[in-house]
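Scroll down for the structure; my scribbles are underneath it.
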Amino acid sequence: MTPHTLTQTWQALKQTPAHAELWMALLHRYARRALPWHARYAATQAQRCDARLASEAQGLLAQLTPTEPWVGGEQVLLQAAPVWPGLAQATEVLQAWVAVDHGDWLSWLYLARCRELAMHGTDSAATNPALREAVLQALAAEPLLGETGHWLAVWRLRSGNPAGALAALQAVLSQSPQRHGSWLLQAEAHMQLGHTPAAEAAFAKAGESQNPGFLGLLADVLFFNNYWEQALQVREAVVQLQPNDTGARLALGQLQSKVWLSQQAEDNFLRVLALEPHNTQAQVALDDLRNSGVSRPQFDRALAAFEEHGVRNNGVGAARLLMQSLYQDHLSAEFVAQLHRRVGDAMLADFAQTYPHLVQGSQPQSLQLPKPQPVQDHPPVPVLPLAQGGRRLRVGYVSGDLHRQHPVNLFMLPVLQQHDHSRFEIFIYHVGTMHDGYTRQARACADHWREANKLDDLALHAMVQTDQLDVLVDLAGHTATHRLGVFAMRGAPVQMTYLGYPHSTGLRCFDWLIADAVVAPPEHDALFVERVARLPGSVFCWAPVDPDPLQADATQPVQGPLVFGSFNNLLKLSDTTVALWAQVLAAVPDSVLLIKAPVLRDEAVQATTRARFVALGVDPQRLQFRGPTELSEMMQEYHDVHIALDPTPYNGGTTSLQALWMGCPMVTLEGANFVSRMGASFLRAMGHHAWVAQDAQDYVRIATALAQQLRTQVWSRHILRSQMLASPVCDIAAHTRHIEAVYAQAVQEG
Numbered sequence: 008m009t010p011h012t013l014t015q016t017w018q019a020l021k022q023t024p025a026h027a028e029l030w031m032a033l034l035h036r037y038a039r040r041a042l043p044w045h046a047r048y049a050a051t052q053a054q055r056c057d058a059r060l061a062s063e064a065q066g067l068l069a070q071l072t073p074t075e076p077w078v079g080g081e082q083v084l085l086q087a088a089p090v091w092p093g094l095a096q097a098t099e100v101l102q103a104w105v106a107v108d109h110g111d112w113l114s115w116l117y118l119a120r121c122r123e124l125a126m127h128g129t130d131s132a133a134t135n136p137a138l139r140e141a142v143l144q145a146l147a148a149e150p151l152l153g154e155t156g157h158w159l160a161v162w163r164l165r166s167g168n169p170a171g172a173l174a175a176l177q178a179v180l181s182q183s184p185q186r187h188g189s190w191l192l193q194a195e196a197h198m199q200l201g202h203t204p205a206a207e208a209a210f211a212k213a214g215e216s217q218n219p220g221f222l223g224l225l226a227d228v229l230f231f232n233n234y235w236e237q238a239l240q241v242r243e244a245v246v247q248l249q250p251n252d253t254g255a256r257l258a259l260g261q262l263q264s265k266v267w268l269s270q271q272a273e274d275n276f277l278r279v280l281a282l283e284p285h286n287t288q289a290q291v292a293l294d295d296l297r298n299s300g301v302s303r304p305q306f307d308r309a310l311a312a313f314e315e316h317g318v319r320n321n322g323v324g325a326a327r328l329l330m331q332s333l334y335q336d337h338l339s340a341e342f343v344a345q346l347h348r349r350v351g352d353a354m355l356a357d358f359a360q361t362y363p364h365l366v367q368g369s370q371p372q373s374l375q376l377p378k379p380q381p382v383q384d385h386p387p388v389p390v391l392p393l394a395q396g397g398r399r400l401r402v403g404y405v406s407g408d409l410h411r412q413h414p415v416n417l418f419m420l421p422v423l424q425q426h427d428h429s430r431f432e433i434f435i436y437h438v439g440t441m442h443d444g445y446t447r448q449a450r451a452c453a454d455h456w457r458e459a460n461k462l463d464d465l466a467l468h469a470m471v472q473t474d475q476l477d478v479l480v481d482l483a484g485h486t487a488t489h490r491l492g493v494f495a496m497r498g499a500p501v502q503m504t505y506l507g508y509p510h511s512t513g514l515r516c517f518d519w520l521i522a523d524a525v526v527a528p529p530e531h532d533a534l535f536v537e538r539v540a541r542l543p544g545s546v547f548c549w550a551p552v553d554p555d556p557l558q559a560d561a562t563q564p565v566q567g568p569l570v571f572g573s574f575n576n577l578l579k580l581s582d583t584t585v586a587l588w589a590q591v592l593a594a595v596p597d598s599v600l601l602i603k604a605p606v607l608r609d610e611a612v613q614a615t616t617r618a619r620f621v622a623l624g625v626d627p628q629r630l631q632f633r634g635p636t637e638l639s640e641m642m643q644e645y646h647d648v649h650i651a652l653d654p655t656p657y658n659g660g661t662t663s664l665q666a667l668w669m670g671c672p673m674v675t676l677e678g679a680n681f682v683s684r685m686g687a688s689f690l691r692a693m694g695h696h697a698w699v700a701q702d703a704q705d706y707v708r709i710a711t712a713l714a715q716q717l718r719t720q721v722w723s724r725h726i727l728r729s730q731m732l733a734s735p736v737c738d739i740a741a742h743t744r745h746i747e748a749v750y751a752q753a754v755q756e757g
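For reference, each letter of the sequence shown is one residue, going 8 to 757 in this note's numbering.
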C-alpha cells in the first residue's frame, strides 16, 4: 500500500530503501509539485532499483518544465557562492514544503544546502541556527544512514571546499564504513588538500566495492589523479566481474590505449567487435590506435563527416577535427585556417541554438591591432595603468590543465606567480578533474579560485558574469578541457585565447589571440579571426619550477656515434618529418636517431615506427626507441642526445624548450603557420637564427653542420643554458608584464 504523505513514504524507505515502487511514488508526487531537483533524485533511485522503470521515469522528467526558482537545475548546488538569482525564492519554497511535510528528507537536504550557500563567507554551521536545524532534520529523515552527509560532501567538494567535504564525511564513514562512494569522495578531498597518504588509503577502501558501475567511476578518478596502474587494475577487475560486458571491455581498452599499452588495447577492441560487429565506439578506437589518430585517410574521413553532418556534441567532434588538421603535412596554412573558420562558425551557430538569448554571433569588439613590437634582447617593461576609478583590472583564466606536467601548467604557473596583484585581480576558473601540488600552487596565486568542473556552460557563464571581469582568457582552445561555450556566450567585455592552442581558434567570439612576431607575423593576419597581440621575444616563456641539473661538460668533442634525438609525441612524426630525419641520417653516416615517446613502451608501435624509417633506406640498427619515464629522469636523458630534431608541421613546444634547456642545439624548419613556427620563435628569441631552416635542404645542411661542429669542437651545454637564461625566452618577469600590458591596452581600447 502506497503511503499517503511524503513523510510516510520516506519512513517506509527507511525500512526498504531498495523498494522501486516507493521511489516511483516519490517521483510522481515531486513531478506533480513541479520540483525538478527532487524528481531527478527520485528517478535516479527508482532506476537503480529496477532498470525496467527507466522509460517511465524519463518520461515523467521530460514533462517537467523548470521555472523559477529552479532554472539551472542542480548546478546551483555546486557553486561556492550564491550567484544564483533564485536562491532566496527556492529557500522559501523549500521551507514551505517542510512546514507541510516535516519528514520530507529531500526538501530538508536541499534547504540545508541553500542556507549554506546563503551564508557563504559570513557564518558557520555551528553558529547558524537555521542551517543547523536543516542539517539535523535531514539527518533524522534520511532513508539511508549517511546519505545527508554524503550529499553535503559532494556539493562542498565540487564547489571547491574540500575541508568542508571532509568534515561532512567524518560522521558518515564512522557510522557507515561500507559506503564506498563516500570513501571515494574522501579520497578526492584529500587529494585536493595534498594529503596523499590519506587519499591513497581512502582509494583503497573505495576499491573494496563489488559494484561494477562504481568501480568504473573509481578507475576514472584514479586515472585523472595520475594513478594509472591502479586504474588499470580496477578496470581489469570490472571485466572479471562482467566478462561478457562489451562496455567494460571497451573501457579497459580505452584506458590501455591512454597508458600506451597498444597491443593489449587492440586485443580488447577486437574482442568487443567480435561480440558486437557494429560497435562504432570500438571501431573508432581501433582506427585511432592503428593510425596514431591523425593519419591522412582518417583525417579525410573526419572531414567528410563534418561536411555531411556538421557540428555535433557541442563542438567536441569538431574540436577533434581541428586538432587533427594541425598534424597534416599535406594541407596548406590557408586551408587549415579556412577550416578553423568554417568549424568555428558552425560551433557558434550550434551554441546559438542551445543558448539563443546569449549567443548572437559573438563578433569581436572593435579593437585596434597594436603595432608589432620588434624582438629585442631586453624589451622595455611597460608602465601599466589601473582600470577606471583606480581599481584593479579583473582578469579571469579558464583552464582544466593546471596539473602535473601539462604544457599549459608548465608555462602558465610561472606567469601566475609573477602577476602584479596591486594592478590585477586574478580569477581562475578551474574546469579540470585533477588536483595535485601544481594545482595547489596555481590556486595560491589566485585572488579568487572557482572550482567549476561540474558546472555546465550556462552555470559557469553565470558565475563569470557575476564576477564582473574585464578580461576572460581561454587557455585550452580546441583541446580536451575547453569551455568554449562560455566564451560563445560572451563571458567578459574582452575575451582572449592564449597558450593552450597553437593556431587561430576560428571562433569570432574571441577578440584577441596572444602570440609573437615569429609564430604570427603581420603578413599572416589573414590566418586569424582574432586580432593578434604580439609579445616581444616568444609567446612561450620558459621558467621551470623544478631543478634540472646539467652534468659536467665533456672535455673533448663527440667521439662515438653522434645522437640525434626527439622526445616528441609520436603523433608529430608526419611523413615529411620521417623523410627529413632519414635524410639527416644519410647525410651524417656515423649517427643514430633516438626517439623517445610514451607510446613506444609498446613493441608493436616500435615495429611500426621502425618500418617507416626502413622503407626510406635507414638501417634499423641506427634507430633507438625509449618509452615513458618520470619527468626528472626524462630530463636527464637529454644528456644522451647531442642534437635535437624538431618535427614538422607540428613543432615541439615544451619538448623543444626542454631540449634547449638541457643544452642540446636544435634544428627546426620554419613553416607557414603558428604551429609550424614555434621552434623558430624559440631559436630566434635566443639569437640562434642559424639553426632555423627555410626548406628541407636547409634543414639537412644545418643538422650536418652542427654534427660536424660537435665532432671537431667541445660543446658546452652550460653555455647554451646561460644563453637561454639571458634571452627573452627565460625572462618571466618581463614576459608577464607584457601580457599584463596586452590586457590593459585591450580594456582601454574596448
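For glycine and all other residues, C-beta sits at the position ideal for the given N, C-alpha and C.
What is the DSSP secondary structure of residue i, counted as helix, strand or coil?
{"i": "Lys603", "result": "strand"}
{"i": "Ala483", "result": "coil"}
{"i": "Leu623", "result": "coil"}
{"i": "Ala540", "result": "strand"}
{"i": "Thr134", "result": "coil"}
{"i": "Val350", "result": "helix"}
{"i": "Tyr706", "result": "helix"}
{"i": "Ser734", "result": "coil"}
{"i": "Ala238", "result": "helix"}
{"i": "Tyr508", "result": "coil"}
{"i": "Gly492", "result": "helix"}
Quick check: the Cα distance between residue i and residue j, rounded to an integer number of angstroms?
{"i": "Tyr706", "j": "Asp352", "result": "37 Å"}
{"i": "Leu151", "j": "Arg163", "result": "20 Å"}
{"i": "Ala524", "j": "Val612", "result": "38 Å"}
{"i": "Arg497", "j": "His485", "result": "17 Å"}
{"i": "Ala325", "j": "Leu33", "result": "41 Å"}
{"i": "Leu138", "j": "Ala103", "result": "16 Å"}
{"i": "Leu400", "j": "Glu432", "result": "6 Å"}
{"i": "Met641", "j": "Tyr117", "result": "50 Å"}
{"i": "Ala751", "j": "Leu577", "result": "40 Å"}
{"i": "Ser734", "j": "Ala550", "result": "12 Å"}
{"i": "Ile726", "j": "His127", "result": "54 Å"}
{"i": "Pro529", "j": "Gln52", "result": "59 Å"}
{"i": "Leu338", "j": "Thr583", "result": "12 Å"}
{"i": "Arg120", "j": "Ala147", "result": "16 Å"}
{"i": "Asp274", "j": "Leu268", "result": "10 Å"}
{"i": "Gln263", "j": "His187", "result": "25 Å"}
{"i": "Leu630", "j": "Ala710", "result": "17 Å"}
{"i": "Leu280", "j": "Gln335", "result": "29 Å"}
If I measure Cβ to Cβ from residue i and keep anything under 8 Å in the same chain, skipping five residues before and after, which residues do I get?
{"i": "Ser663", "result": "Ala651, Asp653, Met673, Thr675, Met685, Gly686 and Phe689"}
Within its chain, find whatever has a CB closer than 6 Å to the CB of residue i; leave out the 5 residues flanking it on each side and keep chain order.
{"i": "Val621", "result": "Pro627"}
{"i": "Ala50", "result": "Leu34, Ala64 and Leu68"}
{"i": "Gly317", "result": "Ala353"}
{"i": "Phe231", "result": "Thr440 and Met441"}
{"i": "Lys212", "result": "Trp190"}
{"i": "Ala453", "result": "Ile433 and Ile435"}
Tell me which residues share the same chain as residue i and place their Cβ nearer than 7 Å to its Cβ, disregarding the 5 neighbours each side in the sequence.
{"i": "Val736", "result": "Gly544, Ser545, Cys548, Trp549, Phe689, Ala692 and Met693"}
{"i": "Ser166", "result": "Leu85, Gln86, Ala87 and Glu458"}
{"i": "Glu123", "result": "Leu138"}
{"i": "Gln288", "result": "Leu257"}
{"i": "Ala145", "result": "Trp112, Trp115, Leu116, Ala119 and Thr155"}
Which one or two residues does DSSP pair with residue i in a beta bridge?
{"i": "Met2", "result": "Given that the chain is displayed from residue 8 to residue 757, the structure contains no residue 2 and the question cannot be resolved."}
{"i": "Ala651", "result": "Gly572 and Met673"}
{"i": "Gln631", "result": "Leu601"}
{"i": "Val402", "result": "Ile433 and Val478"}
Can you confirm whether the segment 404-411 touches the segment 471-485 when touching is taken to mean that 3 or more C-beta pairs between the two stretches lie within less than 8 Å? At 8 Å Cβ cutoff, the stretches touch.
Between the segment 24-41 and the segment 62-76, do three or more beta carbon pairs fall short of 8 Å? Contact holds: three or more Cβ-Cβ distances are below 8 Å.
Does the contact criterion of 3 or more C-beta pairs under 8 Å hold for the segment 246-254 versus the segment 590-610? Between the segment 246-254 and the segment 590-610, the count of C-beta pairs closer than 8 Å stays below three; the two stretches do not touch.
When the Cβ atoms of the segment 465-472 are set against those of the segment 496-514, are three or more pairs found closer than 8 Å? Three or more beta-carbon pairs drawn from the segment 465-472 and the segment 496-514 are found closer than 8 Å, and the two stretches are therefore classed as touching.
So, does the segment 438-446 touch the segment 46-63, judging by three or more C-beta pairs under 8 Å? Not touching, per the Cβ criterion.
Three Cβ pairs or more, each shorter than 8 Å: is that satisfied between the segment 206-223 and the segment 234-252? Output reads yes: the segment 234-252 touches the segment 206-223.
Check whether the segment 410-418 touches the segment 710-730, taking contact to mean three or more Cβ pairs, one atom from each stretch, closer than 8 Å. The answer is no - the segment 710-730 does not touch the segment 410-418, with fewer than three Cβ pairs under 8 Å.
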